[in-house]
Structure formats: structure tokens, C-alpha cells
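In what follows, a single structure is set out as C-alpha cells and then discussed.
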Amino acid sequence: MSDSTPIDLEELDEETLFIVTQTFKALSDPTRVRILYLLSQQESSVSHISHTLSLQQSTVSHQLRFLKNLRLVTHRREGTSIYYSIDDDHVMRMLHQTIHHAQHD
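With the UniProt record's numbering applied, the sequence shown corresponds to residues 1 to 105, in that order.
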């Protein structure tokens with residue numbers, strides 16, 4: 001399907017619509033955008049994200065839970081630490097393109 005091909009609205013079932021709107025909801029929050037952008041640069045722990053972005057750890061944990069539920073981030077455990085990273089390259093490409101668009105003169 002090319003960018004100019006009309007979308008068949010019958011292809012947009014309720015589950016697809018829900019995922020699309022939740023993804024845009026995720027990208028509409030400045031804190032989540034900052035977290036995603038940081039994670040696109042490097043895998044990070046909650047404490048590293050909190051320190052780097054000057055956010056409360058509870059805020060970071062809450063936002064990561066939201067992003068994890070949308071499968072935008074994933075995590076791995078190493079000892080007692082949990083490290084988060086990007087889990088969806090499609091959404092990250094869209095985020096980077098949108099940032100580029102916003103910064104373009």
C-alpha cells in the first residue's frame with residue numbers, strides 16, 4: 001500500500017483503532033516523548049531516566065508501565081536492576097521524523 005492509496009475503513013477494526021489512538025496518546029505526552037527519546041539513544045534504568053530527565057522515579061515508573069503496555073518499550077532484569085529499551089522501531093521512526101519536522105526551518 002502506497003502513501004497515496006486510500007485506506008479501506010473496513011480494515012480499521014476496533015482493536016486496530018484502539019492501538020492507534022493509544023499510540024498517539026502515548027506520543028502526545030511530553031514526559032513520555034522525553035523518555036522514549038532517551039531510550040532511543042540508550043538502554044536505561046528507572047533511576048538513570050529519573051536522574052537524566054529530572055523526574056520523580058514514581059513518575060518514570062508510571063510512564064514506563066503505560067509504554068510497556070503498548071509494547072513501545074521492553075525491559076530486562078540484571079540482578080536487582082531493570083533496564084528499559086525501545087521495543088517498536090516503527091513508532092520510533094515516526095517519533096524521530098516528527099522531531100525532525102518540528103526542528104526543520
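Glycine included, C-beta positions come from ideal geometry on N, C-alpha and C.
Reduced DSSP secondary structure (H/G/I, E/B, other) of residue i
i      : result
Thr23  : helix
His104 : coil
Ser54  : coil
Thr16  : helix
Arg71  : coil
Glu43  : coil
Spatial distance of residue i from residue j (CA atoms)
i      : j     : result
Leu12  : Arg76 : 33 Å
Leu17  : Val73 : 20 Å
Ser58  : Ser50 : 9 Å
Arg53  : Gly79 : In the sequence as displayed, the identity of residue 53 is Leu instead of Arg. Cα to Cα, Leu53 sits roughly 24 Å from Gly79.
His96  : Val33 : 10 Å
Arg93  : Leu39 : 13 Å
Glu15  : Lys25 : 15 Å
Ala102 : Asp29 : 15 Å
His48  : Ile99 : 23 Å
Neighbourhood of residue i by C-beta distance below 6 Å, restricted to the same chain and skipping five residues each side
i     : result
Thr31 : Gln63
Within 9 Å, strictly: CB atoms of residue i and residue j
i     : j     : result
Thr21 : Val91 : no
Arg71 : Asp89 : no
Leu36 : Leu55 : no
Cut-off 7 Å between Cβ atoms - residues of its own chain near residue i, not counting five sequence neighbours on either side
i     : result
Ser81 : Ser45
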